[in-house]
Every structure is written in structure tokens, then in C-alpha cells.
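Taken in order, these protein sequences are the chains called B and L. Note that this note's numbering gives residue 223 to position 184 of the first sequence, counting from 1, and the numbers run on in steps of one. Note that this note's numbering gives residue 369 to position 330 of the second sequence, counting from 1, and the numbers run on in steps of one. The beta carbon of each residue, even a glycine, is placed where N, CA and C say it ideally should be.
2 protein chains.
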Amino acid sequence: MIAEQMREQVKNSSVIRAMFEEGKRLAEIYGSENVFDFSLGNPNVAPPEAVKEAILEIINSEEAMNIHGYMNNSGYEEVRRAIANSINQKFGTDFTQDNIVMTVGAAGGLNVIFKTLLNPEDEVITFAPFFGEYRNYVSNYQAKLLTVSPNTLDFQPHLEEFQDKISPKTKAVIINSPNNPTGVIYSEATIIKLASILRAKQKEFNSHIYLISDEPYRELAYDNIEVPYLTKYYENTIVAYSFSKSLSLPGERIGYLLIPPSVSDYENVLAASNIATRILGFVNAPSLFQRVIARCLEAKVDIDTYNRNRELLYQSLLSFGYECIKPQGAFYLFVKTPIEDDLEFCQRAKQKKILLVPGTSFGCPGYVRIAYCVAYQTIEKALPGFKELINECK
Amino acid sequence: MIAEQMREQVKNSSVIRAMFEEGKRLAEIYGSENVFDFSLGNPNVAPPEAVKEAILEIINSEEAMNIHGYMNNSGYEEVRRAIANSINQKFGTDFTQDNIVMTVGAAGGLNVIFKTLLNPEDEVITFAPFFGEYRNYVSNYQAKLLTVSPNTLDFQPHLEEFQDKISPKTKAVIINSPNNPTGVIYSEATIIKLASILRAKQKEFNSHIYLISDEPYRELAYDNIEVPYLTKYYENTIVAYSFSKSLSLPGERIGYLLIPPSVSDYENVLAASNIATRILGFVNAPSLFQRVIARCLEAKVDIDTYNRNRELLYQSLLSFGYECIKPQGAFYLFVKTPIEDDLEFCQRAKQKKILLVPGTSFGCPGYVRIAYCVAYQTIEKALPGFKELINECK
């Protein structure tokens with residue numbers, strides 16, 4: 040009696056649930072300390088102390104009515120102003136509170152902007168490997184997700200194929216850098232080419248193509264690599280940001296959309312985003328956490344912890360003979376499987392009590408994602424298993 | 040360049056925004072203390088002290104990682120267990136944590152259940168007057184909202200007309216009691232008849248019709264009137280609850296869906312609700328506030344404050360000659376306009392610096408909604424204006 044579309048979803052998700060249940064079963068048998076779960080992108084580094092301080096300060100000094108009440112669907116003006124100022128300081132931009140719509144995380148933000156933009160049968164393009172939920176977010180609005188095949192050389196996007204896939208139906212392109220699942224940061228050269236292709240295609244088709252930049256991992260960039268700020272390269276850019284990873288607050292569902300004045304049909308995009316926030320049932324981003332993040336915009340989680348994990352795992356896997364691009368950001372390693380079938384490899388890994396996600400889930404078979412947002416010790420203890428795994432594949 | 044459907048939304052909302060802007064303009068000219076805003080359903084009674092205590096206790100005693108992290112999309116197990124136990128104690132039911140899906144308020148919950156249930160072209164029935172957002176929530180999933188005309192005698196639903204509107208396409212019925220905008224509580228007799236009609240129609244059409252009970256105002260019932268708990272009357276009932284009004288936390292977006300084991304296709308409805316929570320972009324209900332409400336399930340806002348407002352406004356308006364059903368719950372009065380045109384009446388009210396919402400917005404022209412969740416003094420100061428208004432209409 041549930042919706043047809045959801046029947047399909049339930050069927051698929053039961054496969055994932057089976058994997059999850061298997062992990063739980065293993066933990067029960069061998070103890071959770073002997074099961075190495077690299078399957079979840081759940082931050083393991085604590086939120087900065089500033090978060091707790093902000094909560095206490097707000098709760099102890101402000102009126103409860105003001106902390107927990109309704110506000111404009113776009114969010115508190117002073118919060119949006121603080122965010123705009125912070126972006127301007129970091130990137131030399133010139134945004135105001137009017138360009139910010141507070142959202143229920145980046146997932147909420149992406150749904151709001153897709154609801155705002157997409158007509159049924161519109162096309163959205165993304166680059167494999169990509170976060171699998173994009174498929175759902177796009178189909179929620181009866182639009183179609185087209186994917187560009189992975190460039191396994193360096194996981195920068197395949198721009199020639201991209202160019203060929205753009206049609207008059209292309210309404211949006213969604214990119215994610217630092218990338219889940221590769222950890223790759225799209226280079227400035229990539230962004231410049233991407234922008235120039237988009238501009239040319241807009242002209243060719245007399246259309247408007249929005250570039251949606253999904254940025255939950257922006258602050259997780261290693262070795263001081265700069266992550267280009269896309270509004271400076273392409274005028275039709277909209278940013279979906281989340282504090283889930285930058286402040287380790289994934290459960291609180293807090294993020295924002297940045298909608299620059301330069302985007303096509305700006306006034307309507309802004310007004311419609313505000314309305315979409317309401318009618319999709321979000322109504323507004325959680326009120327206390329709007330105030331909290333406004334006080335923590337310069338705070339950061341300790342990314343050295345992730346970096347130590349990255350180095351240990353990357354160097355060890357290389358030494359065992361695995362092939363892998365060194366991630367520049369996020370907390371994932373995307374590793375070529377020593378056998379072709381990534382699902383089979385995940386099964387074998389599970390026998391070593393190592394839980395991984397197959398690349399197939401990201402539109403890139405023949406790889407696995409290892410989420411290294413785990414305790415250092417978990418990696419250390421899992422390394423012998425990784426070594427055995429590759430040796431058994433030889 | 041925005042979606043066609045959203046273009047329509049932006050056009051309509053600019054009318055409401057114009058009203059809002061006018062209110063702001065009046066406040067600037069006359070001072071906000073001399074503008075009487077009865078247009079918003081925003082609680083003016085502070086959250087119970089237990090909310091603050093719960094926040095402090097959680098923040099000071101638990102690990103930040105546990106407070107703000109991801110959990111199952113349905114929410115924390117212990118929170119869901121606490122809610123199920125609390126419902127069982129109050130209503131003699133027998134639910135478990137498995138029957139609860141935590142949601143981003145009732146608005147989020149309604150979207151999750153509609154996404155779960157509705158195929159395009161399915162029909163959902165509701166009773167006028169009704170919360171206007173239902174129209175959007177249903178059309179988000181390409182389904183159709185059918186409305187039963189208002190029964191202005193006592194604002195209990197027109198059950199004969201309802202019966203005639205049920206078709207094989209009817210997938211759900213949504214009711215809201217205590218009602219926004221009338222404040223009426225659907226009587227047990229009404230519920231029993233409604234349930235019997237639904238059962239007969241299910242049999243006639245060999246179909247499954249879900250009764251969605253939207254209950255943000257359940258705890259706001261006056262004079263110890265009991266609000267029937269619908270799962271006891273009709274096995275295909277799903278409850279969408281919110282803590283926005285019961286704990287005055289509208290900005291925090293916290294509520295739940297109750298999905299009893301008795302509903303048709305139970306396992307799938309439950310699994311699909313969990314998935315819908317994820318793919319609609321909610322991901323989960325805000326984590327800290329899940330924990331907070333679990334500690335405040337027996338706390339209540341001071342409804343005496345609302346009750347004093349209700350008595351003052353109701354008695355005064357009657358004495359001026361207005362016609363109105365005495366509300367039994369919520370914080371709204373739904374008043375017959377002394378002239379036929381409710382939009383024109385709202386315009387005239389604005390000239391007295393009184394801001395109201397026309398009944399037309401709720402599918403019931405010829406009435407206005409007065410939200411009395413305002414300071415007592417605001418009502419006192421507005422009364423002369425209400426008196427002048429009706430006298431000028433004579």
C-alpha cells in the first residue's frame with residue numbers, strides 16, 4: 040500500500056540493512072573492538088569546545104522564547120549576516136544576509152534548491168563517483184540525474200564527456216569537492232574549464248545552467264590545499280554548505296544555501312527557496328543551532344586527527360600493494376579493488392571483520408570507499424586484515 | 040528559470056508578504072505596541088523550565104560526540120522508547136519504540152508520511168476549514184487534495200459529504216483536532232462515525248485508507264476536554280505529533296510519527312518512512328532536541344495563559360455582536376465576518392491596526408482567524424477596535 044517508488048527504495052535498502060545487520064552480528068560475536076567499521080561517514084573527532092560554550096552562553100543569557108521560537112523561513116537575520124561576513128572575509132566576496140538561506144543540513148539545502156529549480160524531466164548532471172543520495176534528491180522532483188563516467192586516473196572530472204552530456208534540458212550540475220568518496224579536491228584548472236564549458240553551453244542553448252556546489256567537506260582539506268570558491272569562477276553558482284563535518288554536528292541538521300545576486304532569475308530563486316523550505320516541511324533550520332553556529336564560524340574541528348589516520352592508512356595500503364589516489368580532503372580513501380568485483384571484495388573484507396562500501400554505490404565499480412573517521416587504533420588493528428586481503432587476491 | 044510550480048507559489052506568497060510588509064509599516068508608523076498582530080500561530084507562552092534544565096543537564100553530563108552525532112534515521116532508540124511509554128501511559132495503548140519515527144516537526148512528519156504513501160494522482164481528503172499547507176504537502180507528491188465543505192454550525196466535519204467524496208483513489212484522510220483555525224475538538228461521536236465510514240469504504244473498494252491525525256495542538260485543550268486518541272478508533276491511523284506548541288519549541292523542529300502495528304502494510308510503511316526521512320533531506324530529527332523532549336514528556340506549557348486570552352476575547356467579541364464558536368482547544372478563534380467578504384474585512388481591520396488571517400486561506404470564506412497567542416494586554420488594547428469594526432459594518 041506504500042507508494043510504488045518507495046517500494047523500490049525499501050527493496051534496495053534491505054540489501055544495505057542486511058550489511059548493517061551483518062556488522063552488528065559480527066560485533067556481537069567478536070566484540071565491537073574487533074570489528075573494523077569503515078563504512079560510515081560519521082565524524083569521530085569531537086566538536087570544538089566553542090560549540091558547548093555557545094550553547095551554554097545562549098541558554099543562560101537569552102530568553103527561551105527567543106531561542107526556540109519561529110523566525111523567517113530563511114533563518115535569523117543576524118545569523119545569516121554573520122555567515123555572509125565570514126564568507127566575505129575568507130574569500131574576498133561581497134555577499135549579504137539576503138544571499139543566505141539557513142537549511143536543515145546540506146541534504147535539506149539540496150532538496151530546497153532542487154525543489155526551487157527543477158521541472159519534471161529536467162536534467163541534472165554529476166560526475167562519478169558521486170554521493171548516491173543525489174539520485175534520490177533529483178528524482179524527488181521528477182527530474183533525471185545524468186552521470187559522467189569516472190576518470191580513474193586522478194578523479195578530476197571527465198570534462199569532454201561532460202560537455203557532450205549537456206543538453207537544452209540541463210538545468211543544473213552538482214559537484215562535490217572535497218569529494219565523497221575520493222577525497223579529491225577539484226583543481227582551479229578544472230573549475231575554470233568547467234565554468235567555461237557551462238558558459239559556452241548556456242550561450243549555445245540560450246539556457247541557464249546552475250552549478251550546485253555541495254560543500255560539507257570544505258573545511259577538511261589537508262596540506263593547506265586551497266579549495267576554490269566557486270562563485271568567483273561561475274556566476275550561476277549556488278553553494279550548499281553544512282556544519283556536519285566542519286563542526287562535527289551531523290545530528291543537528293544545520294547548514295545553509297548561498298545564493299549569489301549574480302545567479303539567473305536571482306529574486307525568484309531566493310523567494311522560491313524560502314517557500315520551498317516551508318512547503319517541503321523543514322519550515323526553518325533548527326533555531327538554537329542557528330545561533331550556535333553563528334558563534335562558531337571561526338571554530339574548527341581538529342583535522343590533524345583525520346590527517347594522521349589518512350597518512351597511516353594511505354601509506355600502509357600502498358605498501359601492501361593497493362592502488363589509491365592520495366586524498367586531499369574529506370575523510371575517505373577510494374581504493375581500487377585487487378579483484379574486479381567490488382561487491383565480492385566487500386564480502387571478503389567482511390570475513391576479516393572489515394566493513395567497507397562498494398564503489399558501485401557511488402557509480403564507480405571496481406573500487407571501495409574506506410571512511411577513516413575512526414579511532415587510530417581501529418586502523419592499526421585492521422591493517423593486518425587489509426594485508427591478508429590483497430595477498431589472498433593475488 | 041525557477042520551476043513552473045514554484046513560480047505560482049512565489050506569485051501567491053507575494054500577496055501574503057505584502058500583508059506582512061504592511062504590518063511592519065504600521066508598526067513603524069504607530070509603534071509595534073499599537074499594532075495588534077493576531078495573524079501568527081507563534082506560541083507566546085515560554086517553554087517550561089524543564090526544557091532549559093534538560094539542555095543544561097545533557098550538555099554538562101554527556102559526551103559532545105553522542106549529543107550531536109548521527110543516529111538511525113528514525114531517531115534515538117531510547118527517545119522513541121520514552122515517547123511510546125508516555126503514549127501508552129496516557130492512552131492505555133501498547134506501542135513500542137518501533138512504532139515511533141522522530142521527525143522535523145509535524146510538517147516534516149506529514150511530508151515523510153505522504154512521500155511514503157502517495158502515488159501520483161492519489162487522492163487525500165480533508166475537512167474545511169483546514170491548514171492551508173496541506174495543499175502543498177499533498178501536491179509535493181503529485182497527489183490531489185479534495186476538501187469537504189465546512190460545517191459552519193459547529194465545525195464538526197460534514198460526514199455525509201465526506202462519505203460521497205471517498206473513491207477508490209482515496210489513499211489518505213487528514214484531520215487536525217484541536218483544529219487550526221477553529222479551535223474545535225472533533226468529538227468522540229464524530230470519530231466513531233468517521234471510522235465506521237472509512238471501514239465501510241475500505242471494504243467497498245477493497246482499498247486501504249490511512250487516517251492521518253495531525254496533532255500539534257493535542258496538549259492545548261481547555262476545560263479538561265478529552266481529545267480522543269484516534270488509533271483506538273481506527274486501525275489505519277497514523278499520528279503526526281509536534282512539540283512546537285506543547286513545549287513552545289516551534290523553531291527547533293521536533294516531532295514524531297506514530298505508526299501502529301495495526302496499519303495496512305505496516306512493515307513497509309515503517310521502512311519507507313525511515314527512508315523518506317533520509318531521502319527528503321531531513322536525514323534525522325535534530326539530535327540534541329530529541330534528547331531534550333525525551334526528558335520533558337510530562338512537562339507542559341502554562342495553558343492558563345492561553346485560556347485567559349480565550350475567555351477575554353471570546354466573551355468580548357460575543358458582547359460586541361460577533362458570531363463565533365467557543366474554541367475548545369488550540370489558540371485560535373474563528374469568527375464570522377459581519378460582512379460577507381472576509382478579505383475586505385481583514386483590510387478594514389488593518390485600518391484599526393488589527394492584523395487577521397482571512398478564512399479564505401483555510402478554505403472557509405466569510406470568516407477570519409484570530410490567533411490569541413499574544414499578550415493579554417494586546418487583546419485588551421485591541422478590543423475597542425474590534426467593537427468599532429462591527430459597528431461600522433452595521
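Option in L:Asn-323, L:Tyr-415, L:Leu-269, L:Tyr-256 with minimal Cα separation from Lys-13 (chain L): In the structure displayed, chain L extends from 40 to 433; residue 13 (chain L) sits before or after that span and is not available.
Which residues in the same chain as Gly-80 (chain L) place their Cβ atom closer than 6 Å to its Cβ, once the five residues preceding and following it in sequence are excluded? Same-chain partners within the cutoff: Ala-410.
Mind checking which residues open and close the alpha helix (DSSP H) that includes Tyr-361 (chain B)? Per DSSP, Tyr-361 (chain B) is not a residue of any alpha helix (DSSP H), being assigned neither H nor E.
DSSP bridge partner residues for Pro-434 (chain L) (one or two, in chain order): The structure shown has nothing for residue 434 (chain L), since chain L only spans 40 to 433.
Interface partners of Lys-242 (chain L) on chain B, CB under 8 Å: Counting only Cβ-Cβ distances below 8 Å, Lys-242 (chain L) has no contacts in chain B at all, with the closest Cβ about 15 Å away.
Would you give the residue range spanned by the alpha helix (DSSP H) that Ile-94 (chain L) belongs to? Counting along the chain, the unbroken alpha helix (DSSP H) around Ile-94 (chain L) starts and ends at 88–100.
Going by DSSP in three states, Gly-424 (chain L) sits in which element: helix, strand or coil? Gly-424 (chain L) falls in the helix class under three-state DSSP.
Please state the DSSP three-state secondary structure of Phe-194 (chain B). In the structure shown, the three-state DSSP call for Phe-194 (chain B) is coil.
Ile-429 (chain L) to Thr-191 (chain L) span [Cα, whole Å]: Each residue's Cα considered, the two are about 20 Å apart.
Taking 7 Å as the CB-CB cut-off, is Gln-48 (chain B) touching chain L? Taking Cβ atoms only, chain L reaches closer than 7 Å to Gln-48 (chain B), which makes this a yes.
I want to see whether chain B comes within less than 7 Å of Val-308 (chain L), judged by CB atoms only; does it? Contacts with chain B at 7 Å (Cβ-Cβ) include Val-308 (chain L).
Does any CB atom of chain B fall closer than 7 Å to the CB of Asp-304 (chain L)? So, interface residue.
Selection of the segment 78–92 of chain B by Cβ proximity to chain L, strictly under 8 Å: Within the segment 78–92 of chain B, the residues whose Cβ lies closer than 8 Å to some Cβ of chain L are Leu-79, Asn-81, Pro-82, Asn-83, Ala-85, Pro-86, Val-90, Lys-91, listed in chain order.
Can you pull out the residues from the segment 135–158 of chain L whose beta carbon lies closer than 8 Å to at least one beta carbon of chain B? Against chain B - using a Cβ distance shorter than 8 Å - the residues of the segment 135–158 of chain L are Val-143, Gly-144, Ala-146, Gly-147, Gly-148, Leu-149, Asn-150, Val-151, Lys-154, Thr-155, Leu-156, Leu-157, Asn-158.
Is the CB-CB distance between Leu-351 (chain L) and Ile-393 (chain L) below 7 Å? No Cβ-Cβ contact shorter than 7 Å links Leu-351 (chain L) with Ile-393 (chain L).
To the nearest angstrom, report how far apart Gln-329 (chain L) and Asn-323 (chain L) are at their CA atoms. Rounded to the nearest angstrom, the two C-alpha atoms are 10 Å apart.
Would you mind working out which of L:Gln-195, L:Asn-275, L:Thr-165, L:Leu-250 sits nearest Gly-402 (chain L), comparing C-alpha positions? For the options L:Gln-195, L:Asn-275, L:Thr-165, L:Leu-250, the alpha carbon positioned closest to that of Gly-402 (chain L) is the one of L:Thr-165.
If you count every other CB in all the chains shown that lies within 10 Å of the CB of Pro-87 (chain L), and 16 or more means buried, which is it? That one is buried.
Between Phe-153 (chain L) and Val-187 (chain L), which are expected to be in contact by the criterion C-beta below 8 Å, what is the C-beta distance as a whole number of angstroms? Contact doesn't hold; Cβ gap of about 19 Å is too wide.
On the three-state DSSP scale, how would you describe Lys-210 (chain B)? Strand, per DSSP.
Output the boundary residues of the beta strand (DSSP E) element that contains Val-163 (chain B). Annotation: the continuous beta strand (DSSP E) that includes Val-163 (chain B) extends over 162–166.
Please list the partners that Tyr-109 (chain B) has in chain L, where partner means a Cβ-to-Cβ separation under 7 Å. By Cβ distance, chain L contributes Asn-81, Pro-289, Gly-290.
May I ask which residues mark the beginning and end of the beta strand (DSSP E) holding Glu-254 (chain B)? It spans 249–254 - the beta strand (DSSP E) in which Glu-254 (chain B) sits, taken as one unbroken run.
7 Å CB neighbourhood of Ser-206 (chain B) in its chain, flanking five on each side removed: Result list for Ser-206 (chain B): Glu-162, in chain order.
Could you give the distance in angstroms between the alpha-carbon of Arg-119 (chain L) and the alpha-carbon of Ile-94 (chain B)? Taken atom to atom, the span from the alpha-carbon of Arg-119 (chain L) to that of Ile-94 (chain B) is near 24 Å.
Around the C-beta of Glu-102 (chain B), are 16 or more other C-beta atoms found within 10 angstroms, so that it is buried, or is it exposed? That one is exposed.
Could you check the C-alpha separation between Leu-309 (chain L) and Ala-315 (chain L) for me, to the nearest Å? Computed Cα separation, rounded: 10 Å.
Proximal residues to Val-84 (chain B) (C-beta, below 8 Å), its chain only, five neighbours per side dropped: The residues are Ser-287, Val-340, Asp-341, Ile-342, Thr-344, Tyr-345, Cys-412.
Taking Cβ positions only, does Glu-258 (chain B) come closer than 7 Å to chain L? Taking Cβ atoms only, chain L never reaches closer than 7 Å to Glu-258 (chain B), which makes this a no.
As assigned by DSSP and simplified to three states, the class of Ile-139 (chain L): Ile-139 (chain L) falls in the strand class under three-state DSSP.
From Gln-48 (chain B) to Ser-303 (chain L), what distance separates their C-alpha atoms? One Cα belongs to Gln-48 (chain B), the other to Ser-303 (chain L), and the distance between them is close to 18 Å.
Going along chain L in order, which residues have a C-beta closer than 9 Å to the C-beta of His-197 (chain B)? By Cβ distance, chain L contributes nothing, its closest Cβ being about 27 Å from His-197 (chain B), past 9 Å.
For Glu-274 (chain L), which of L:Asp-203, L:Asp-253, L:Pro-196, L:Ile-248 has the nearest alpha-carbon? Between Glu-274 (chain L) and the set L:Asp-203, L:Asp-253, L:Pro-196, L:Ile-248, the nearest pair of CA atoms involves L:Ile-248.
Helix or strand or just coil, what does DSSP make of Gly-368 (chain L)? DSSP, reduced to helix, strand and coil, places Gly-368 (chain L) within a strand of the structure shown.
Is Asn-263 (chain L) buried or exposed, if buried means 16 or more other CB atoms sit within 10 Å of its CB? Classification of Asn-263 (chain L): exposed, given that the 10 Å Cβ count is below 16.
Tell me the rounded alpha-carbon separation between Leu-269 (chain L) and Ile-230 (chain L). Cα atoms of Leu-269 (chain L) and Ile-230 (chain L): separation of roughly 8 Å, rounded to the nearest angstrom.
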